[in-house]
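Chains as they are written, first to last, in my numbering: chain C, 209 to 412; chain Y, 209 to 412; chain R, 209 to 412; chain Z, 209 to 412.
Glycine residues also receive a C-beta, built at the ideal position from the N, C-alpha and C atoms.
To start, the structure itself, in structure tokens.
Protein chains: 4
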Amino acid sequence: MPTVTARRPSRAQASADKRELILRAAITQFARRGFFQAQVADVAREAGVAAGTVYLYFENKDDLLISIFEQTMRDAIDEARRALEGVADPVERLRRLARVHLGRLGQDRDLAVVFQVELRQSTKFMERFSSTLLQDYLQAIGEAIAEAQTAGLFRREVSPSLAAKMLYGALDEMATNWILSRRRYRLAAQADEVVDLFVHGMKR
Amino acid sequence: MPTVTARRPSRAQASADKRELILRAAITQFARRGFFQAQVADVAREAGVAAGTVYLYFENKDDLLISIFEQTMRDAIDEARRALEGVADPVERLRRLARVHLGRLGQDRDLAVVFQVELRQSTKFMERFSSTLLQDYLQAIGEAIAEAQTAGLFRREVSPSLAAKMLYGALDEMATNWILSRRRYRLAAQADEVVDLFVHGMKR
Amino acid sequence: MPTVTARRPSRAQASADKRELILRAAITQFARRGFFQAQVADVAREAGVAAGTVYLYFENKDDLLISIFEQTMRDAIDEARRALEGVADPVERLRRLARVHLGRLGQDRDLAVVFQVELRQSTKFMERFSSTLLQDYLQAIGEAIAEAQTAGLFRREVSPSLAAKMLYGALDEMATNWILSRRRYRLAAQADEVVDLFVHGMKR
Amino acid sequence: MPTVTARRPSRAQASADKRELILRAAITQFARRGFFQAQVADVAREAGVAAGTVYLYFENKDDLLISIFEQTMRDAIDEARRALEGVADPVERLRRLARVHLGRLGQDRDLAVVFQVELRQSTKFMERFSSTLLQDYLQAIGEAIAEAQTAGLFRREVSPSLAAKMLYGALDEMATNWILSRRRYRLAAQADEVVDLFVHGMKR
DNA sequence: TATGAATGAGCCTTCATTCAT
DNA sequence: AATGAATGAAGGCTCATTCAT
């Protein structure tokens, strides 16, 4: 067999591409119609494949939603890791996390809708999410806060975990507001504002 | 003939009671199974009525969800109005709003689940919600913030509307976290902490 | 007890009146919506009584339809009997029957709709109808025809029963056409035309 | 490779066949139980397919009834057109129309029941029917009659449209009678008798 | 007699999933 | 690997009928 040229993608690559294609279609459809309202057939049509084909790449409809979540989180975590590399200042770490968070969602409105709305449908799913990745995220924030406290930058009397939830909640709300707002503005731009407010508080 | 006692409830009262009963059952079932997974028959069974009876009091399944929202909001708004009566200090106003917000949800876990999870299923519903009542709420917060700025209590360079979203986001996140957490703690207790943090920020 | 005056109708009369009222409402509703589409509640509302009241006067929904039929037929037969009294000429008898037939239906469009359309819904009902009253009617026509044949007025080679069906079919078609036509014309006026054409066809 | 034989039906053919199969089953079931009493599941069972399959070929239950009507009318019109080809004599044209009319219904009792009984359920449907195809049919009859009048074969004083309705009514009645009668006789045989009687009646 | 709230059986329709081709 | 026709379980909703008042 001759060497595989770059022109013809390998079989594994072709398969991964189609998987990607379907996942992308699912994001679009779930965002447009909502998870329960969107039919598997809608996703297949959007992807330009037959309904049955979806089941060659995904277990079932739920698996589509879960895969969207996992795939996106994997990518986001990678990006966050790179963004934090070599950054020692805890406040700057918070700022970078916030930028990745809002930057990613702000880049892809459909994805943002799926994350802010569709993924929160079932307590079952949310429990699953919140017991792992969300906890990791909150922990990362919490650690930066604790560090800042240790470094004497932040007040010590505030619980780091409560403060972490608060920062996360604020960022999350920005994302949800951006989706629902009719105005078109850059979501990412709010990352710094939120972190600033978080750091300084409202007091003069 | 002596005055008719209140013993026997009027027909209108009985009807309102049954409506209330079904709504309560819907909250329980939607919280337990999720809106799409819960069947109208489940709600009816929970309420101890026949399935058809639900349709005497509500248009359809969607109407149940919408009614839960509207009924709860009406009550909450009433309570908030009473809580703010005669309170001039803007920071105290924020504190009272936060207490009502978390106090109500913390009192009724099922209701909190419906509000934090089930009501956010569809962009359609969220748009409806966010375009009216949520805006009112954010406005009320924003006004208190602006007042505090005018009074020289808060920094002037922060946008009141952004700050309002941030405070709301933080409270909302507390509620969601409370639902999803396995630990049992008093949600209402976090209202003051959140407001304190919001007001002071993290800076020393 | 004082003599019952004519002012206050007897109890039996009042009951008969309400029965009549409901039956009339049923005719209107069945004509407007069709038997299966019309709900018992519609009939009750039209009659100005509660839904349950219908069941004090009629067995069930089917009974409404059957009662309309029977009541109307009873009246029609009475009228026909009076119209034929002392009329010896068989052709004139046919003419009178046709006039009663189209005259009655032409007087009450809703009733005509129920008769021409709604009553023919189920083979079950039609079989019941056709095996008794329709047969009587066809027989009455057939007898007049046979008489006319005996009297040498009509051709003998035509089967009286076939000819009877044909005349009935023609009258029935006039009624159906009248209902469905947008034009408003006097149905009764066609009785003579149909009979003329028929008689001419049967003439020796 | 040898020529593909017709053994394996094309996909389009298979689809058309299944549609036909379901339509046939609907005719049987509607005739046996009546349109409103027959369930879609009954039709599916009769056709040997799953209930959901019906909805791959038809919009909904109503569409089944409408499709029976349209399909049958299309076929009947084709046959009638062929039967009238090259026939100039107006009386013979009437005779041929009558033969097609009763011949078709007499060949398929279930179909006849659907046409004579079930399709007449709703004024809505009847209006739709009577405003188009029935009018065409009456027109075709009426034209033959008018021609016969012009040719001096029929009396001129009778309105062709009234006479057409009469002939149609007579044929229609024969069909209805045939369905409801317990006796088994050849419906088609009555076509000539009816036309003879009609023609005799119209003769100058 | 009359009411009308309550019942619950019944049915149309949807759609995730399968599987023969 | 891909297709898409077929499946059939499931569920929202209707409405004839009942019955406590």
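Under 7 Å between C-beta atoms, does residue i make it to chain C?
i, result
"residue 377(Y)", "yes"
"residue 329(Y)", "yes"
"residue 268(Y)", "no"
"residue 238(Y)", "no"
"residue 300(Y)", "no"
"residue 366(Y)", "yes"
"residue 212(Y)", "Confidence is the limiting factor: at residue 212(Y) the pLDDT is only 48, short of 50, which leaves the residue's position unreliable, though a coordinate-based value still follows. With 7 Å as the cut-off, residue 212(Y) does not count as an interface residue toward chain C."
"residue 226(Y)", "no"
Within the continuous alpha helix (DSSP H) that includes residue i, where are the two ends?
i, result
"residue 294(R)", "From DSSP, residue 294(R) is part of no alpha helix (DSSP H); its letter is neither H nor E."
"residue 395(Y)", "Where residue 395(Y) is concerned, there is no enclosing alpha helix (DSSP H), given that its DSSP letter is neither H nor E."
"residue 365(Z)", "Here residue 365(Z) belongs to no alpha helix (DSSP H), and DSSP marks it neither H nor E."
"residue 223(C)", "219–241"
"residue 314(C)", "298–315"
"residue 253(R)", "248–255"
"residue 329(Y)", "That residue, residue 329(Y), is in no alpha helix (DSSP H); it is neither H nor E in DSSP."
"residue 261(Y)", "259–265"
Is the distance from the Cβ of residue i to the Cβ of residue j below 7 Å?
i, j, result
"residue 255(Z)", "residue 229(Z)", "yes"
"residue 387(C)", "residue 324(C)", "yes"
"residue 375(C)", "residue 406(C)", "yes"
"residue 289(Y)", "residue 352(Y)", "no"
"residue 278(C)", "residue 308(C)", "no"
"residue 310(C)", "residue 395(C)", "yes"
"residue 265(R)", "residue 232(R)", "no"
"residue 377(Y)", "residue 350(C)", "no"
Could one say the Cβ of residue i lies closer than 7 Å to chain Z's Cβ atoms, at least one of them?
i, result
"residue 334(R)", "yes"
"residue 338(R)", "yes"
"residue 264(R)", "no"
"residue 209(R)", "Because the pLDDT of residue 209(R) is 49, which lies under 50, any placement of that residue in the model is unreliable, and the number read from its coordinates should be weighed accordingly. Answer no: the Cβ-Cβ gap between residue 209(R) and chain Z never drops below 7 Å."
"residue 408(R)", "yes"
Quick test of your reading: residue i and residue j, contact by CB under 8 Å. State the CB separation rounded to the nearest angstrom.
i, j, result
"residue 304(Z)", "residue 292(Z)", "6 Å"
"residue 246(Y)", "residue 238(Y)", "5 Å"
"residue 299(C)", "residue 361(C)", "6 Å"
"residue 366(Z)", "residue 306(Z)", "Contact flag wrong, Cβ pair sits at about 18 Å."
Among the options, which residue has its Cα nearest to the Cα of residue i?
i, options, result
"residue 334(R)", "341(Z), 326(Z), 297(Z), 338(Z)", "326(Z)"
"residue 243(Y)", "271(Y), 261(Y), 263(Y)", "271(Y)"
"residue 342(C)", "285(C), 321(C), 226(C)", "285(C)"
"residue 364(Y)", "408(C), 339(C), 310(C)", "408(C)"
"residue 384(R)", "328(Z), 349(Z), 265(Z)", "328(Z)"
"residue 369(Z)", "240(Z), 346(Z), 267(Z), 339(Z)", "346(Z)"
"residue 321(C)", "381(C), 267(C), 399(C)", "381(C)"
"residue 354(Z)", "393(Z), 297(Z), 260(Z)", "297(Z)"
"residue 393(R)", "350(R), 359(R), 315(R)", "315(R)"
"residue 281(Z)", "263(Z), 262(Z), 340(Z), 372(Z)", "340(Z)"
"residue 358(R)", "404(R), 397(R), 410(R)", "410(R)"
"residue 412(R)", "398(R), 373(R), 397(R), 356(R)", "356(R)"
"residue 398(C)", "371(Y), 400(Y), 348(Y), 276(Y)", "371(Y)"
"residue 390(Y)", "348(Y), 295(Y), 317(Y)", "317(Y)"
Kindly indicate if chain Y contains any beta-carbon less than 7 Å away from that of residue i.
i, result
"residue 388(C)", "yes"
"residue 355(C)", "no"
"residue 380(C)", "yes"
"residue 323(C)", "no"
"residue 244(C)", "yes"
"residue 310(C)", "no"
Consider the Cβ of residue i: report whether some Cβ of chain R lies at a distance smaller than 7 Å.
i, result
"residue 319(Z)", "no"
"residue 258(Z)", "no"
"residue 281(Z)", "no"
"residue 272(Z)", "no"
"residue 395(Z)", "no"
Do residue i and the ligand NAD come close, with the Cβ less than 6 Å from some heavy atom?
i, result
"residue 364(Y)", "The ligand NAD is not part of the structure shown, which contains no ligands of any sort."
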